[in-house]
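K.L.:
If you're matching them up, the sequences are chains L and D in order.
Under the working numbering, read the first sequence as residues 1 to 413, first letter to last.
Under the working numbering, read the second sequence as residues 1 to 166, first letter to last.
We treat Cβ as the ideally placed atom computed from N, Cα and C, and that holds for glycine.
All values derive from a computational prediction rather than experimental measurement.
The structure follows.
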Amino acid sequence: MIERRTLAIGLPDWRELESDDQLPTEPLRINMGPSHPAMHGTVRIVITVEGETIVGADVEVGYLHRCFEKECEAATWTQIFPYCDRLNYASPMLNTVGYACAVEKLLAITGEIPLRAQYLRVITGELSRITDHLTCNGASAMELGAFTVFLWMMKAREWIYAALEELCGARLTYSWVRVGGVATDLPSGWIERVRRILAKVRRAVDDCARLLVDSRIFRDRMEGVGVISAERALSYAFTGPQLRSTGVASDVRKDHPYLVYDRFDFSVPVGARGDSYDRFMVRMEEMSQSMRIIDQALDNLPPGPILLDDPAISLPAKPEVYNTIEGMIRHFKIIFDGIKVPPGEVYGYTEAANGELGFYLVSDGTGRPYKCRCRGPSFVMISALAGMIKGGGVADVVPTFGMMNYIGGEGDR
Amino acid sequence: MSAAILSALRERFGDSIAATHNYRGDETAVIAPDALIEICHFLRDESPLAMKCLMDLTCVDYLGREPRFEVVYHLYSPTLRHRVRLKAPLTDGEDPQIDSVTQLWHSADWYEREAWDLYGVRFRGHPDLRRVLLYDQFVGHPLRKDYPKERRQPLARRAPAPDEET
């Protein structure tokens with residue numbers, strides 16, 4: 001609880017003061033959030049200011065806590081997919097892909113996932129990465145006054161959402177990935193439509209870049225603001241664009257390739273100074289790299305099944321369920337008892353939009369996880385925020401917080 | 001490389017390493033909680049290990065088993081790209097305690113606050129062990145296996161409607 005008190009400050013006669021510096025100041029506590037337009041994801045920061053300078057900050061999270069882990073312990077391995085969509089809600093597909101990879105690691109079927117399913121996961125995952133970066137950069141630009149950029153980026157995001165909606169019927173909560181593959185194959189003509197969409201998105205991103213990259217106003221607000229050194233960032237377990245902005249070329253897709261990422265030619269953009277502007281630019285470049293990956297994946301998309309053919313893991317085809325007793329029983333067992341995952345523990349990790357998304361799974365051999373720990377990348381990064389905004393002005397909180405891309409869904413879980 | 005981590009640990013700490021295993025490619029060492037700080041120092045600073053990142057820290061409640069709680073550390077070396085998992089079983093029953101590693105990695109700060117919040121593990125030497133996800137008035141630690149999933153603890157009581165009897 002914050003102590004409240006009323007201060008009686010004896011003001012000297014202003015006419016006798018020689019400069020503004022002599023005005024009496026007391027440290028003042030102000031509240032930013034949880035309901036504040038710049039605190040997306042509902043975060044509260046209690047800031048202590050002296051004049052305009054921040055001398056102390058306490059970041060309070062947890063407003064979006066919805067017992068992810070407790071709920072997972074009561075759900076079957078398959079029922080967790082919808083919960084995962086709601087982790088980083090700016091890039092839902094990457095969360096479900098990450099979770100599926102972790103469960104498959106525990107089942108030791110990582111190498112058996114059909115190639116087409118792996119390609120589809122990469123394509124949809126990278127589309128999700130683009131929507132995440134569009135959201136983050138667009139919203140942050142808007143908070144600094146660039147409303148046009150926000151509208152253009154949201155429009156571009158909507159095109160991608162439309163493509164993903166066509167695939168699985170939902171704009172945001174896809175639940176499309178399964179243990180062993182994906183749920184549905186591509187609708188006809190989807191590949192051509194995605195190519196057209198990507199061409200439009202590329203143009204939109206370029207237009208936005210032209211508006212911002214060399215804008216004096218934008219750079220003054222972003223450059224040298226929210227700086228963190230590489231060493232400090234590593235100690236805070238930074239990952240993803242926030243770590244790369246400090247100059248560390250670390251990307252799970254490159255360092256520990258999963259799915260078919262080792263087949264694609266793409267680069268990992270890094271920054272130089274670790275400030276908010278670098279984080280913005282890293283995200284801009286990552287969108288182009290994601291589009292490169294998608295282009296290559298669409299070119300080489302192999303035909304074949306989209307789900308592992310293993311009666312213990314994947315649901316039977318619908319005609320089999322409706323017309324045969326064996327199919328019906330198999331369907332029933334998987335739905336009610338869940339997939340039997342062997343006892344043991346694994347830590348599965350993938351590169352989500354904000355960095356390393358880890359799942360530490362403990363199985364006791366039943367159809368439900370004994371423990372399903374989610375390492376949301378932004379939770380631990382936001383713990384560095386207090387140190388990053390100290391010494392700056394109140395106005396600097398907005399770009400620094402925006403570029404940290406704190407997502408309440410994965411941070412508060 | 002990664003097999004070398006476990007053998008280096010066994011060689012250096014001997015009795016403090018209760019067990020090591022490699023399951024699905026994850027190198028794991030079960031360690032004595034008393035030796036935690038020493039082992040972590042070794043893993044972080046020794047040059048062929050260089051675990052500069054505490055990627056994750058969490059706890060598991062094995063209710064009905066002794067020791068009941070286990071704190072799990074996931075360490076990562078971004079330069080050498082290897083990982084190791086440390087597991088420290090805590091024998092203190094209902095009030096588990098272990099040394100804090102906040103002096104080694106900044107990321108431990110909030111992770112330990114989270115483990116305290118959700119599991120009630122007390123980290124000795126933590127500078128500011130408060131709840132992080134839940135509110136201060138919350139009673140209990142919800143991720144413990146004996147905390148019923150259905151239990152509700154609303155912070156704000158619903159105000160009665162004007163025509164409702166109070």
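Quick check: the Cα distance between I306(L) and S314(L), rounded to an integer number of angstroms?
P.N.:
As a position in the first sequence, residue 306(L) is number 306, starting the count at 1. As a position in the first sequence, residue 314(L) is number 314, starting the count at 1. Near 11 angstroms, if we compare the C-alpha coordinates of S314(L) and I306(L).
K.L.:
Answer yes or no: do M51(D) and L43(D) have a C-beta to C-beta separation smaller than 7 angstroms?
P.N.:
To locate residue 51(D), count along the second sequence from 1; it is residue 51. To locate residue 43(D), count along the second sequence from 1; it is residue 43. Yes; because the gap between Cβ atoms is below 7 angstroms, this pair is in contact.
K.L.:
Just the chain D side, please: which residues come within less than 8 angstroms of E69(L) by C-beta, in chain order?
P.N.:
Against the first sequence, residue 69(L) aligns to sequence position 69. Those within 8 angstroms of E69(L) in chain D are L118, L143.
K.L.:
Given a cut-off of 7 angstroms on the beta-carbon distance, is the pair A108(L) and G348(L) in contact?
P.N.:
The residue labelled residue 108(L) in the question sits at position 108 within the first sequence. The residue labelled residue 348(L) in the question sits at position 348 within the first sequence. Not in contact: A108(L) and G348(L) (Cβ atoms no closer than 7 angstroms).
K.L.:
Does the separation of the CB atoms of G62(L) and D275(L) fall below 7 angstroms?
P.N.:
As a working note, residue 62(L) is residue 62 in the first sequence. As a working note, residue 275(L) is residue 275 in the first sequence. No. Outside cutoff.
K.L.:
Near W105(D), which residues of its chain fall below 6 angstroms by C-beta distance, leaving aside the five closest residues on each side in sequence?
P.N.:
As a working mapping, residue 105(D) is identified with position 105 in the second sequence. Here the set comprises L54.
K.L.:
What residue range is occupied by the uninterrupted beta strand (DSSP E) comprising K52(D)?
P.N.:
By 1-based counting over the second sequence, the position of residue 52(D) is 52. That residue, K52(D), is in no beta strand (DSSP E); it is neither H nor E in DSSP.
K.L.:
How many whole angstroms separate the CB atoms of A297(L) and V177(L), which I take to be in contact at a CB cut-off of 8 angstroms?
P.N.:
Taking the first sequence and counting its residues from 1, the one referred to as residue 297(L) is at position 297. Taking the first sequence and counting its residues from 1, the one referred to as residue 177(L) is at position 177. About 16 angstroms separates the two Cβ atoms, so there is no contact after all.
K.L.:
For a contact defined as C-beta to C-beta under 8 angstroms, what are the partners of H65(L) on chain D?
P.N.:
One-based indexing of the first sequence puts residue 65(L) at position 65. Result: L133, L134.
K.L.:
Going by Cα to Cα distance, which pick from I31(D), D128(D), T28(D), R113(D) is closest to L134(D)?
P.N.:
Taking the first residue of the second sequence as position 1, residue 134(D) is located at position 134. When only C-alpha atoms are compared, the closest one is R113(D).
K.L.:
What's the C-alpha gap between M142(L) and Y89(L)?
P.N.:
Numbered from 1 along the first sequence, position 142 holds the residue referred to as residue 142(L). Numbered from 1 along the first sequence, position 89 holds the residue referred to as residue 89(L). M142(L) and Y89(L): Cα-Cα distance of roughly 19 angstroms.
K.L.:
So G138(L) and V149(L) are in contact, right, with Cβ under 8 angstroms, and what is the actual spacing, rounded?
P.N.:
As a first step, residue 138(L) must be located in the first sequence, where it is residue number 138. As a first step, residue 149(L) must be located in the first sequence, where it is residue number 149. Confirmed, Cβ separation roughly 6 angstroms.
K.L.:
Give me the chain D residues within the contact set of I383(L), using Cβ-Cβ distance strictly less than 9 angstroms, ordered along the chain.
P.N.:
For this step, residue 383(L) is matched to residue 383 along the first sequence. Inspection of the sequence shows that residue 383(L) is occupied by Ser rather than by Ile. The answer, in chain order, is H106, S107, D109, W110, Y111, R113, V132.
K.L.:
Count the CB pairs spanning the segment 370-388 of chain L and the segment 72-82 of chain L that are closer than 8 angstroms, and state whether there are at least three.
P.N.:
The segment 370-388 of chain L is in contact with the segment 72-82 of chain L.
K.L.:
When DSSP labels each residue in this structure, what does M1(D) get in the three-state scheme?
P.N.:
Working through the second sequence from its first residue, we reach residue 1(D) at position 1. Note that M1(D) scores a pLDDT of 48, beneath 50, so its modelled location is shaky and nothing firm can be said.
K.L.:
Along chain D, which residues have their Cβ under 7 angstroms away from the Cβ of L234(L)?
P.N.:
Translated into the one-based positions of the first sequence, residue 234(L) becomes position 234. In chain order: K52, C53, P78.
K.L.:
Between the segment 258-273 of chain L and the segment 86-94 of chain D, can you find at least three pairs of beta-carbon atoms closer than 8 angstroms?
P.N.:
No: fewer than three Cβ pairs fall under 8 angstroms.
K.L.:
Three or more beta-carbon pairs under 8 angstroms between the segment 165-183 of chain L and the segment 120-134 of chain L, yes or no?
P.N.:
Output reads yes: the segment 120-134 of chain L touches the segment 165-183 of chain L.
K.L.:
Candidates L155(D), G125(D), S7(D): which alpha carbon is nearest A29(D)'s?
P.N.:
Position 29 of the second sequence, counted from the start, is the residue given in the question as residue 29(D). Ranking L155(D), G125(D), S7(D) by Cα distance to A29(D) puts S7(D) first.
K.L.:
Compare the C-alpha of T350(L) against each of D206(L), V252(L), I329(L), C67(L) and name the closest.
P.N.:
Counted from its first residue, the first sequence places residue 350(L) at position 350. Comparing Cα-Cα distances from T350(L) to each of D206(L), V252(L), I329(L), C67(L), the minimum goes to V252(L).
K.L.:
Anything in the segment 64-98 of chain D with a Cβ closer than 7 angstroms to a Cβ of chain L? List those residues in chain order, please.
P.N.:
From the segment 64-98 of chain D, only V72, H74, P78, R81, R85 have a Cβ closer than 7 angstroms to chain L.
K.L.:
Name the residues in the segment 234-257 of chain L whose C-beta lies less than 9 angstroms from a C-beta of chain C; which are they?
P.N.:
Of the protein chains in the structure, L and D, none is chain C.
K.L.:
Can you say whether N300(L) is buried or exposed, counting buried as having 16 or more other CB atoms within 10 angstroms of its CB?
P.N.:
Translated into positions along the first sequence, residue 300(L) becomes position 300. So N300(L) counts as exposed.
K.L.:
Measuring only between beta-carbons, confirm whether T58(D) sits less than 7 angstroms from chain L.
P.N.:
Here residue 58(D) refers to the residue found at position 58 when the second sequence is read from its first residue. For T58(D), the answer is yes, since a Cβ of chain L falls inside 7 angstroms of its Cβ.
K.L.:
Taking only beta-carbon atoms, is R24(D) less than 7 angstroms away from chain L?
P.N.:
On the second sequence, position 24 is the one that residue 24(D) refers to. Output row for R24(D): interface = yes.
K.L.:
When the Cα atoms are used, what is the spatial distance from A395(L) to N31(L)?
P.N.:
Numbered from its first residue, the first sequence carries residue 395(L) at position 395. Numbered from its first residue, the first sequence carries residue 31(L) at position 31. Computed Cα separation, rounded: 13 angstroms.
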